[in-house]
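Following this note's numbering, the numbering of the sequence shown begins with 17 at its first residue and continues without gaps.
This report concerns only the one structure given below.
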Amino acid sequence: VTVSFAQNVTKVGTTAAPFLNVGQGARAIAMGGAYVSMVNDATALYWNPAGLALMQGNEAVFNHSEWIADINFDFAGIAVNLGGLGSFGLFANFMTMGEMDVTTELYPEGTGQRFNAGSYAMGASYARALTDRFALGVNVKYVHEYILNCASNGVCIDIGTVFTTQFRGLRLGA
Numbered sequence: 017v018t019v020s021f022a023q024n025v026t027k028v029g030t031t032a033a034p035f036l037n038v039g040q041g042a043r044a045i046a047m048g049g050a051y052v053s054m055v056n057d058a059t060a061l062y063w064n065p066a067g068l069a070l071m072q073g074n075e076a077v078f079n080h081s082e083w084i085a086d087i088n089f090d091f092a093g094i095a096v097n098l099g100g101l102g103s104f105g106l107f108a109n110f111m112t113m114g115e116m117d118v119t120t121e122l123y124p125e126g127t128g129q130r131f132n133a134g135s136y137a138m139g140a141s142y143a144r145a146l147t148d149r150f151a152l153g154v155n156v157k158y159v160h161e162y163i164l165n166c167a168s169n170g171v172c173i174d175i176g177t178v179f180t181t182q183f184r185g186l187r188l189g190a
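What follows is the structure, encoded as structure tokens:
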């Protein structure tokens, strides 16, 4: 027996952690984000964890961007190639902004109070080439967002693959 109640569904507040959609790395951005199958450097920490298995050595990536409205976006990661054991990486992703004035309908110029808002994600990655043409990787990350006296957090898992076909070096990534 199933009981259901009619509800008015809205899309307000249904998007979380949109800062995670901000791409990393000059090469990937220049390619319009079409980089999931091509990644073979430390930016695999963002694009596709399986790409870590395609790295030749150890790498680090650092990115700092200053956006409009005093919003700062930072990404840092380090990836280590462990040879036959696979590759391991750590990363952190931050979106921060300066303090803002609390305004209300009665005090549109400010109440005298100030607040902060921001988001961050930190995680670890592991990848391994299972064959000479197929690699598998996983990211596990903790995500936290906050504004004024509200906060939200969660844990995310990303799984990625890269398959190199026999057709002229064509690679498929997911």
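Yeah, the Cβ is synthetic: ideal placement off N, Cα and C, and Gly gets one too.
| query | result |
| --- | --- |
| Among residues of its own chain, excluding the 5 on either side of D57, which ones have a beta-carbon nearer than 7 Å to its beta-carbon? | M71, E75 |
| DSSP three-state label for L98, please. | coil |
| If you check the beta carbons only, do G102 and I94 fall under 8 Å apart? | no |
| Along the chain, where does the alpha helix (DSSP H) containing N62 start, and where does it finish? | Looking at the sequence itself, residue 62 is Tyr, so the reference to Asn does not match. Where Y62 is concerned, the enclosing alpha helix (DSSP H) stretches over 60 to 63. |
| Taking DSSP as the reference, what is the three-state secondary structure of F183? | coil |
| What is the rounded straight-line gap between the Cα of D90 and the Cα of R43? | 17 Å |
| DSSP beta-bridge partners for A32? | BP columns for A32 are empty, so no partner. |
| Roughly how many whole angstroms lie between the Cα atoms of Q182 and Y142? | 26 Å |
| Return the bridge partner residues of G139 from the DSSP annotation. | F107, K157 |
| Near V171, which residues of its chain fall below 8 Å by C-beta distance, leaving aside the five closest residues on each side in sequence? | V156, K157, Y158, V159 |
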